[in-house]
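Residue numbers for the sequence shown follow our numbering, beginning at 4 and rising by one.
Below: the structure, in structure tokens.
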Amino acid sequence: MPDFGSDVSTIYDKEPFERELSPKEQEEADERYAEDKNILVQIRYHLDQADSYSRWHLNIENDIRPDDLEDAFVALAAAEKELEK
Numbered sequence: 004m005p006d007f008g009s010d011v012s013t014i015y016d017k018e019p020f021e022r023e024l025s026p027k028e029q030e031e032a033d034e035r036y037a038e039d040k041n042i043l044v045q046i047r048y049h050l051d052q053a054d055s056y057s058r059w060h061l062n063i064e065n066d067i068r069p070d071d072l073e074d075a076f077v078a079l080a081a082a083e084k085e086l087e088k
């Protein structure tokens, strides 16, 4: 097997190249961000409604959620964190 030296192992450690966006590209990126953020806000609203209903309907404690609903909140938090990157 050929020896490519130490340069090969460091190629993947470098930061990805980022170029500046043109004004049109930046505007499109901002619009996509706003749309994605709006979708997450709507999902959070509906999850909060479902959470409130399940607590009232199931008469459960404030710190306990059904597993599926808890999983949805965890996934939403991860999506919100990823969007902010």
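We treat Cβ as the ideally placed atom computed from N, Cα and C, and that holds for glycine.
Here the structure is a predicted model, which means the values were calculated and not measured.
Residue i versus residue j: straight-line alpha-carbon distance, rounded
i, j, result
"L79", "I46", "8 Å"
"K88", "D33", "13 Å"
"E38", "Y48", "15 Å"
"S57", "N41", "24 Å"
"D70", "A82", "18 Å"
"R22", "K84", "23 Å"
"P26", "S55", "43 Å"
Own chain residues within Cβ distance below 8 Å of residue i, not counting five before or after
i, result
"L50", "L72, A75, F76 and L79"
"D6", "Low confidence applies to D6: its pLDDT is 48, below 50, so where it sits in the model is not reliable enough to give any reading."
Residue i, DSSP secondary structure in three states
i, result
"R35", "helix"
"E28", "helix"
"E87", "coil"
"P5", "Residue placement at P5 cannot be trusted, given a pLDDT of 48 that sits under 50; what the coordinates show is reported in the next sentence. Three-state result, P5: coil."
"L43", "helix"
"E23", "coil"
Whole-angstrom C-beta distance between residue j and residue i, which should lie under 8 Å
i, j, result
"L86", "L24", "About 17 Å; that fails the 8 Å criterion."
Close beta carbons around residue i, own chain, < 7 Å, minus the five adjacent residues each side
i, result
"E28", "none"
"Q52", "none"
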